[in-house]
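Asks: Residue numbers 270 to 645, in the numbering used here, belong to the letters of the sequence shown in order.
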Amino acid sequence: MDTTGKVIKCKAAVLWGPHQPLKIEEIEVAPPKAHEVRIKIIATGICRSDDHIIEGLIQDSKYPLILGHEAAGIVESVGDGVTTVKPGDKVIPLFVAQCGECRGCVEPKSNMCCKAQVGQHTGLMLDNTSRFTCKGKLIHNFISTSTFTEYTVVDEINVVKIHDDAPLDEACLIGCGFSTGYGSAVNAAKVEPGSTCAVFGLGGIGLSVIIGCKVAGASRIIAVDVNSNKFAKAKELGATECVNPKEHENPIHEVIQKMTNGGVHYAFECIGNTDIMVSALLSSHFSCGTAVMVGVAPSDSTLSFSPLLLLTGRTVKGAIFGGFKSKDCVPELVSDLIAKKFKVDGLVTHKLPFHEINKGFDLLRKGESIRTVLEF
Ligand code: COD
Ligand code: ZN
Ligand code: ZN
C-alpha cells in the first residue's frame, strides 16, 4: 500500500514523563513537509543519553517524547525540495545536523551546525511543529531524530544516505556510539602511530575510543574502569593493559604516569565525571599530552585545575559525535565498516525485538550490556 502523503499509524515507545517506563503506544506520524524525510526504522541502539532523559538528568527536556537517536532505516517518503535521499534509500538519522551553509558547517574544524544545535532541546522540527501525535496529544522528538518508533520524520539536514550493501543492524551504531568514540580518537585527538593512550570508562563510547586508537596505530592503549568485568571486552577490542583505580592506593593519574614514563600522549574521559576529567588531564604528559573530554557532565558542573597544567604544553579539548561532520563522514564510516576497516559487532551484546525496549534499558542500567540493538 502506498503511504506517501498519508498519516501512518504505527507503534512507538513513548516517554510520558521522567522516571517512567517507556510505553509502547499506537501513534500517528504525519507525512513529511518540505525539506523533511519520513523513515521506516529497521534497527536502533539504546544509548546512555536516552537513559539520561528517562532519569530526568537533562533539565530542559520536553515531554511527552519519543527517544532514540542511534539508528538505521529506509526512506518511506520525502517532502518537497528533498534531493539528497529518495524513497527506498538506506539512511542514518543524524542527531548532529549538517546544513552545509551556516558558520559551524563552513568552518573546516567544526562539526556543529548552527541551524539545529544539538544542545537545544526544542523537541520539534525546524518549523517548530511536531509530526507525532498519540491519543490526541502532541509528542515531541528527541535531538531531531526519535528512532524508538516504526516510522519517524526528520529534517533533511538530519539524515544521510548510506551504501545499499550496509548491514543496518550494525550500521545503526554509526549513528551515535561508535562514531562518538572512534572519532574522538582518529578525528578529535588525531592519535598517531606509536603513541600512547589512556581511556577512562569502558562503556560503548570508551570501547569505541579503543577501536579508534588501535586503527590509528597506538602502541599502548591503557583501559581504565572501576568495574573489572569490563576488561575482557576492552582487551578483545585492542586495549594493551587494563587498570582498576580501586586496586591502587595512589591516585590513578600517578599510576598511569608511572606506567608511561610521565604520562600518555592522549587521555580520553568517557564517563561524564569532572574529577575523572582532571585525572585524564593529569595522566597526559606535562609537555605534550592531550586530554579529550567525551563524556557529558551535569550541566551545572565546572572543571577546576591549575592553569600551570596547560602552560607546560598540555592540550584540553572536547568533541560531540567524535568531531565528525555528520553528512560528510557517516557514509564514509559505513563504507569503512563494509570494507572491514573496523568491526562494530563486538559492541553489540544484545539484540531484542522492539517491544522489549524496557528490558534493553534494564540491561544497560545493570551494566550487563554494552549495546542492545532493537529490531522492528
Ligand atoms: N572511574 C573509572 N571508571 C568509571 C568511573 C570512575 N570513577 N565511574 C564510572 N566508570 C565506568 C563504568 O563502570 C562504566 O563502565 C563506564 O565508566 C561508563 O560507561 P557507560 O556504559 O555508563 O556509558 P557510555 O560509554 O555508553 O557513555 C558514557 C558517556 C558519558 C560518554 C555518555 O553518557 C555521553 O555523555 N555521551 C557522549 C556525549 C555525546 O556526544 N552525547 C550525544 C548523544 S549520545
Ligand atoms: Zn548516543
Ligand atoms: Zn549548518
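Yeah, the Cβ is synthetic: ideal placement off N, Cα and C, and Gly gets one too.
From a predicted model like this one, the values you see are computed outputs, not experimental measurements.
May I have the straight-line CA-CA distance separating ARG489 from CYS466, to the nearest angstrom?
Replies: If I take the Cα positions, the gap works out to 6 Å.
Asks: If I'm right that VAL495 touches VAL512 with Cβ under 8 Å, what's the distance once you round it to whole angstroms?
Replies: Contact doesn't hold; Cβ gap of about 10 Å is too wide.
Asks: Checking 9 Å against the spacing of the C-beta atoms, do PRO362 and VAL423 come in under that value?
Replies: Yes; because the gap between Cβ atoms is below 9 Å, this pair is in contact.
Asks: Could you tell me the alpha carbon to alpha carbon distance between MET381 and VAL565, rounded to whole angstroms?
Replies: Computed Cα separation, rounded: 16 Å.
Asks: Between the segment 304-315 and the segment 326-334, are three or more C-beta pairs nearer than 8 Å?
Replies: At 8 Å Cβ cutoff, the stretches do not touch.
Asks: With a threshold of 8 Å (Cβ to nearest heavy atom), would GLN367 be considered close to ligand 3?
Replies: Flag set: Cβ of GLN367 near ligand 3.
Asks: Using alpha carbons as the reference points, say which of SER464, PRO436 and PHE500 lies closest to GLY475.
Replies: Of SER464, PRO436 and PHE500, the residue nearest in Cα terms is PHE500.
Asks: Around the C-beta of LYS586, are 16 or more other C-beta atoms found within 10 angstroms, so that it is buried, or is it exposed?
Replies: Flag for LYS586 reads exposed.
Asks: Return yes when the C-beta of THR449 is under 8 Å from any heavy atom of ligand 2, and no when it is not.
Replies: Checking every heavy atom of ligand 2 against the Cβ of THR449, one is found closer than 8 Å.
Asks: Spatial neighbours of HIS321 within its chain, please: C-beta separation below 7 Å, excluding the five flanking residues on both sides.
Replies: Result list for HIS321: ILE327, in chain order.
Asks: With H, G and I counted as helix, E and B as strand and the rest as coil, what does DSSP make of PRO362?
Replies: In this structure, PRO362 counts as strand in the three-state DSSP scheme.
Asks: For LEU442 versus VAL642, is the C-beta spacing smaller than 9 Å?
Replies: Yes, they are a contact pair.
Asks: Can you find a heavy atom of ligand 2 that lies under 8 Å from the Cβ of GLU339?
Replies: Correct: GLU339 has its Cβ closer than 8 Å to ligand 2.
Asks: So, TYR535 versus ALA503, is the Cβ gap smaller than 9 Å?
Replies: In this structure, ALA503 does not lie closer than 9 Å to TYR535 by Cβ.
Asks: Kindly provide the chain-ordered list of residues whose Cβ lies closer than 5 Å to any non-hydrogen atom of ligand 2.
Replies: Going along the chain, the residues that qualify are CYS316, SER318 and CYS445.
Asks: Determine whether the beta carbon atoms of ARG317 and GLY472 lie at a separation below 9 Å.
Replies: The answer is yes: Cβ separation under 9 Å.
Asks: Cα-Cα, which of CYS598, SER556 and VAL603 is closest to ARG583?
Replies: The candidate whose alpha carbon is nearest that of ARG583 is SER556.
Asks: Classify SER568 as buried or exposed, calling it buried when 16 or more other Cβ atoms lie within 10 Å of its own Cβ.
Replies: Exposed is the call here.
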